[in-house]
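S.K.: Got a structure for you, questions after.
2 protein chains.
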Amino acid sequence: MSEGLFRRVLVIGTGLMGTSTALALHRSGAEVLLEDLDAGNLRVAVSLGAGTPFSGASPDPEPDLVVVGVPPAVLGNVVADALERFPTSPVTDVGSVKAAALADVERLAPDAVERYVGSHPMAGSEQSGPLAARADIFDGRAWAITPHPRSRDDAIAVVEQLARTCGAFPVRLSPSEHDEAVALVSHVPQVAASVVAGLLTTAAEGHLMLAGQGIRDVTRIAAGDPKLWTQILSANATPVARLLHEAASDLQRFALTLEKLEPEELRDALERGGTGVRRLPGKHGARQESFTSIPVLLQDQPGELARLFADVGGAGVNIEDVRMDHSPGTPAGLVELAVHDDAVPALLAALERHGWTVHG
Amino acid sequence: MSEGLFRRVLVIGTGLMGTSTALALHRSGAEVLLEDLDAGNLRVAVSLGAGTPFSGASPDPEPDLVVVGVPPAVLGNVVADALERFPTSPVTDVGSVKAAALADVERLAPDAVERYVGSHPMAGSEQSGPLAARADIFDGRAWAITPHPRSRDDAIAVVEQLARTCGAFPVRLSPSEHDEAVALVSHVPQVAASVVAGLLTTAAEGHLMLAGQGIRDVTRIAAGDPKLWTQILSANATPVARLLHEAASDLQRFALTLEKLEPEELRDALERGGTGVRRLPGKHGARQESFTSIPVLLQDQPGELARLFADVGGAGVNIEDVRMDHSPGTPAGLVELAVHDDAVPALLAALERHGWTVHG
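Protein chains in written order, with full-length UniProt numbering: chain A, 1 to 360; chain B, 1 to 360.
Structure below.
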């Protein structure tokens, strides 16, 4: 491996994550070797152009990296086996739970564990298997890198390079911190989606006709593979169960508040949800993009706002948000256009050119 | 009103739903009159081109239809008032809860209630207010029509015509049936999203970096207006609270099963979610589209699947689903391409032209 590029990588396990990683590595120009006990999956991955089947004979030179993408229940075993088969290669995995796998590797391969650095790309789909794989599913996503105290620095660097080569950005956490985090941002939402979707099983068909986009979004991930999710959740049982108890009592409390018709408390609970969802970072982990609001005065005529959008859009300025200012004392026709900081000059020029009044 | 087209409609309340309805009616060629106590909202709706402000003087002729889009807490009052002000017009509303509003109208306008038919377009957004309004938000969505026993047939027909004019398809239910249905497909998902998002409020910022698309989808609607949702949930408290208790005990049971590590039961619960989500109807309420699966044999060479997709796509055939058949006894390289029934001849012709083997 030179200048951050992989020459040869072995991917063990050609499910959704393994095959997607292989496709992304292949796209970067690496030679990708593929291995899977499931001959059907392997054949599909090869058919997709993800790489070539690994013969089983020791490659020369050894891979720059071995990536293990197998189900949680066998993850530690397969990683330990890879450390033994390839005595100089760094080994990572792309599994969803990190502490349990690390404990297995420490037990099974105590002398080689320093070449192991766990990782977890925060991408995926309710689908599974190599047919759902795509080279671009990691683009702009976080990729957790979970070194343990004995991980070698060069192995950590190689795994961070894997994340970047696949288009993701590396986020470093300890294995147990990672497991706490995914319990919250992945495993509990998965169970909540399943529980809400489960309520639909006994509903009258006519009632389901009223389903809109909201419930579709809330329940989409409930279509995930139950066998895989049973393994993921079981491997992270303690943090997930703790949060599920918390969510259950929050729901229970909400129901009781509703029965007692206490609007203030209902509103507080709903506002708490809004606060939570606004904490989710933007693309590429950006905390908050920097916008400027420009207040524009509208005349009291039909079609004014449509005309404003046309004038601004025609100048190539992208409006990120639009708000009415309802503060007392501000004119009724005041609209706030939020744009990226660097689009402000173009916006002001377009407004002036078309005769709009910028307020204040 | 002739040949199913509206000449003149009054829309009372220019929030998200009222303004979107007005925009869709305007698009159909109707004259749309707008009324709102909030002068700012009214001005924005007029600016967007949704209609013209109603002077307050009785229009001549009376509107073909009055559409009320105001918050649940005042809905019954505003509908009853409209029935009194316009003694021959049918009146509907686009509110989220139907039985409570009907009870208010029956009490306040007992002699005019036969001109009232409630309705509820199953469209919306986590946003609110006229700035988020669009003429096309109803396209292909269900629009619940909720007549009561005394509703006049011609009033029901006019409201169903409103749904169709706005691009939606009408679904008729009784008011209480509607409220049971939306408790399940809208209100409980809303609370579940809020509860999951609420757990994020106390999370470490580094943990939130791992958020992927799953939690974003599950929690998106939690960004909705807490004040509006407090009113909606309060107006439908009994059915919602019952289902929330059920969801809370499902979550609790899931947590206990996880703590006891009972994989069979975990899997059953997750499978139940998958069954539920697959019950949601497709676009335009279609229960299940009719596909045919064509089994194609792949050669064991890199790039075979990519070549297959290119050959099929090049022939203009749209693949709806792709599956590998893993049944014992079937060849390893067998891929099932699912296409719309009417695309089967074109698919078979394309496969033959490019030398693919259709199996069995």
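For every residue, glycine included, the Cβ atom is placed at its ideal position computed from N, Cα and C.
Should isoleucine 145 of chain A be flagged as near chain B, meaning a C-beta pair shorter than 8 Å?
M.R.: no
S.K.: Taking the continuous alpha helix (DSSP H) assigned at arginine 272 of chain A, which residues delimit it?
M.R.: Note, arginine 272 of chain A: alpha helix (DSSP H), 263-278.
S.K.: Taking a cut of 7 Å between CB atoms, which residues from the region 199-226 of chain A lie near chain B?
M.R.: Of all residues in the region 199-226 of chain A, the ones placed with a Cβ closer than 7 Å to any Cβ belonging to chain B are Leu199, Leu200, Thr201, Ala203, Gly206, His207, Leu208, Met209, Leu210, Ala211, Gly212, Gly214, Ile215, Arg216, Asp217, Val218, Thr219, Arg220, Ile221, Ala222, Ala223, Pro226, in chain order.
S.K.: So if I threshold CB-CB distances at 8 Å, which residues from the region 9-28 of chain A count as touching chain B?
M.R.: none
S.K.: Taking the C-alpha atoms as reference points, what is the distance between glycine 167 of chain B and valine 158 of chain B?
M.R.: 14 Å
S.K.: According to a CB-to-CB cut-off of less than 7 Å, which residues of the region 146-177 of chain A neighbour chain B?
M.R.: Val171, Leu173
S.K.: How big is the Cα-Cα spacing for glycine 313 of chain B and leucine 337 of chain B?
M.R.: 12 Å
S.K.: Taking Cβ positions, are histidine 359 of chain A and glutamate 180 of chain B nearer each other than 8 Å?
M.R.: no
S.K.: Suppose the cutoff is 8 Å on Cβ atoms and the five residues either side in sequence are ignored; what does the same chain contact list for aspartate 136 of chain A look like?
M.R.: Ala24, Gly167
S.K.: What is the rounded straight-line gap between the Cα of alanine 343 of chain A and the Cα of leucine 280 of chain B?
M.R.: Looking at the two C-alpha atoms, the distance is approximately 42 Å.
S.K.: Please classify leucine 347 of chain B as buried or exposed, where buried requires at least 16 neighbouring CB atoms within 10 angstroms.
M.R.: By the neighbour-count rule (16 or more Cβ atoms within 10 Å), leucine 347 of chain B is buried.
S.K.: Anyone know if the C-beta pair for alanine 192 of chain A and valine 196 of chain B falls short of 8 Å?
M.R.: yes
S.K.: Between the Cα of proline 149 of chain A and the Cα atoms of A:Ala103, A:Ala142, A:Gln190, A:Pro170, which residue gives the shortest distance?
M.R.: With distances taken between Cα atoms, proline 149 of chain A lies closest to A:Ala103.
S.K.: Using a Cβ cut-off of 8 Å (strictly closer), state whether valine 32 of chain B contacts chain D.
M.R.: The displayed structure is made up of protein chains A and B, and chain D is not among them.
S.K.: Isoleucine 221 of chain B lies in the beta strand (DSSP E); which residues open and close that run?
M.R.: No beta strand (DSSP E) holds isoleucine 221 of chain B; DSSP gives it neither H nor E.
S.K.: Check whether the region 124-142 of chain A touches the region 79-89 of chain A, counting contact only when three or more Cβ pairs, one atom from each stretch, lie closer than 8 Å.
M.R.: no
S.K.: Under DSSP, the alpha helix (DSSP H) around residue 371 of chain A begins and ends at which residues?
M.R.: An answer regarding residue 371 of chain A cannot be provided, because it is not within the stretch 1 to 360 covered by chain A.
S.K.: Say whether chain B places a C-beta atom closer than 8 Å to the C-beta of proline 72 of chain A.
M.R.: At a cut-off of 8 Å, the C-beta of proline 72 of chain A has no neighbouring C-beta in chain B.
S.K.: In chain order, what residues of the region 235-251 of chain B put their CB closer than 7 Å to some CB of chain A?
M.R.: Result list: Ala237, Val240, Ala241, Leu243, Leu244, His245, Glu246, Ala247, Ala248, Asp250, Leu251.
S.K.: Do you know offhand how far serine 20 of chain B's Cα is from glycine 118 of chain A's?
M.R.: Cα to Cα, the separation comes out at about 50 Å.
S.K.: Taking DSSP as the reference, what is the three-state secondary structure of alanine 93 of chain B?
M.R.: Reading the sequence as shown, one finds aspartate at residue 93 of chain B and not alanine. DSSP places aspartate 93 of chain B in strand when its eight states are reduced to three.
S.K.: Using three-state DSSP, classify valine 317 of chain B as helix, strand or coil.
M.R.: It is coil, neither helix nor strand.
S.K.: When you check each C-beta in the region 47-81 of chain B against every C-beta of chain A, which residues fall closer than 7 Å?
M.R.: Ser47, Leu48, Gly49, Thr52
S.K.: For the candidate residues B:Ala310, B:Arg307, B:Val339, B:Val335, whose alpha-carbon lies nearest to that of isoleucine 319 of chain B?
M.R.: B:Val339
S.K.: Quick one: which chain B residues come within Cβ less than 8 Å of arginine 141 of chain A?
M.R.: Gly212
S.K.: Kindly indicate the opening and closing residues of the alpha helix (DSSP H) around valine 46 of chain A.
M.R.: 39-47
S.K.: Please list the segments of the alpha helix (DSSP H) lying wholly inside the region 194-258 of chain A, counting only runs of 4 or more residues, in order along the chain.
M.R.: 205-208, 213-219, 226-235
S.K.: Using 8 Å as the limit for Cβ to Cβ distance, is arginine 7 of chain B near chain A?
M.R.: So, not an interface residue.
S.K.: So does the region 234-244 of chain A actually touch the region 210-222 of chain B, counting three or more Cβ pairs closer than 8 Å?
M.R.: No: the two stretches stay apart, fewer than three of their Cβ pairs being nearer than 8 Å.
S.K.: Flag phenylalanine 254 of chain B as yes if its beta-carbon sits less than 8 Å from any beta-carbon of chain A, otherwise no.
M.R.: yes
S.K.: Roughly how many whole angstroms lie between the Cα atoms of arginine 287 of chain A and alanine 142 of chain A?
M.R.: Only weak support exists for where arginine 287 of chain A lies, its pLDDT of 47 falling under 50; the value from the coordinates is given anyway. C-alpha separation (whole angstroms): 13 Å.
S.K.: Mind listing the chain B neighbours of serine 186 of chain A? Cutoff is C-beta to C-beta under 9 Å, in chain order.
M.R.: Leu210, Ala211, Gly212, Gly214, Ile215
S.K.: In whole angstroms, give me the CA-to-CA distance for glutamine 231 of chain A and glutamate 246 of chain A.
M.R.: 22 Å
S.K.: Taking Cβ-Cβ distances shorter than 9 Å, what residues in chain B pair up with proline 281 of chain A?
M.R.: Glu205, Leu208, Met209, Ala211
S.K.: Please look up how many angstroms separate the CB atoms of leucine 108 of chain B and glycine 69 of chain B, rounded, as I've assumed it's under 8 Å.
M.R.: Not quite, the Cβ-Cβ distance comes to about 18 Å (not below 8 Å), so this is no contact.
S.K.: Alpha carbon to alpha carbon, what distance is there between alanine 203 of chain B and alanine 22 of chain B?
M.R.: 42 Å
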